[in-house]
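Asks: In numbering that gives the first Met the number 0, the protein residues as written are 0 to 95. Positions of the beta carbon are idealized from the N, C-alpha and C atoms, including for glycine. Fair warning: this is a prediction, and the values are worked out from it, not measured in the lab.
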Amino acid sequence: MLHAAAQARAFLVEGAGRRFGVLPNSLKAHNAVIRSPDGRIIQYGGAIRLVDLHRKATPKSPLKIRESFMTIGISLPQFDISGRVAGGMSYFQGIE
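1. Just to confirm the assignment, what range does the alpha helix (DSSP H) spanning V12 have?
2. Roughly how many angstroms separate the alpha carbons of A28 and V12, rounded to a whole number?
3. In this structure, does DSSP put A56 in helix, strand or coil?
4. How close, in whole Å, do the beta carbons of V21 and P36 come, if the pair is a contact with beta carbons under 8 angstroms?
5. So, at 7 angstroms on beta carbons, what are the nonlocal neighbours of P23 in its own chain, with the 5 sequence-adjacent residues on each side left out?
6. Got a sec, what are the start and stop residues for the beta strand (DSSP E) A28 sits in?
7. Under 8 angstroms Cβ to Cβ from R39, same chain only, skipping five residues before and after it: list those, please.
8. How big is the Cα-Cα spacing for I41 and L26?
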């Protein structure tokens, strides 16, 4: 999942770079917003229209630095637990 998310983020940044006319490595992606050096922004929802996500995934991707992760390693409330207990729907990440 981590590598799939990193690849999707890279595709979105690539699309935003084309839209802004800048190199993707000059952009910053944080909290579902991509920012250009001159302050222009595009949200992931807008950037997704700029790219074709029908590509083959690769097993490895360049990842963000570990210190920038905001929720990995932190216990979060599990809102889908009652659904799991009752045999109902649960979130994708719950699939093994």
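Replies: Reading off the structure:
1. Position 13 of the sequence shown, counted from the start, is the residue given in the question as residue 12. Element bounds for V12: 1-19.
2. Stepping through the sequence shown from its first residue, residue 28 is reached at position 29. Stepping through the sequence shown from its first residue, residue 12 is reached at position 13. So the two alpha carbons sit approximately 7 angstroms from each other.
3. As a first step, residue 56 is located in the sequence shown; it is residue number 57 there, counting from the start. It is coil, neither helix nor strand.
4. Counted from its first residue, the sequence shown places residue 21 at position 22. Counted from its first residue, the sequence shown places residue 36 at position 37. With a Cβ gap of about 7 angstroms, V21 and P36 count as contacting.
5. Translated into the one-based positions of the sequence shown, residue 23 becomes position 24. Cβ neighbours of P23 beyond the five flanking positions: V12, E13, G16.
6. Taking the sequence shown and counting its residues from 1, one reaches residue 28 at position 29. Where A28 is concerned, the enclosing beta strand (DSSP E) stretches over 27-29.
7. Indexing the sequence shown from 1 puts residue 39 at position 40. Around R39: F19.
8. Counting from one through the sequence shown, the residue named residue 41 turns up at place 42. Counting from one through the sequence shown, the residue named residue 26 turns up at place 27. C-alpha separation (whole angstroms): 11 angstroms.
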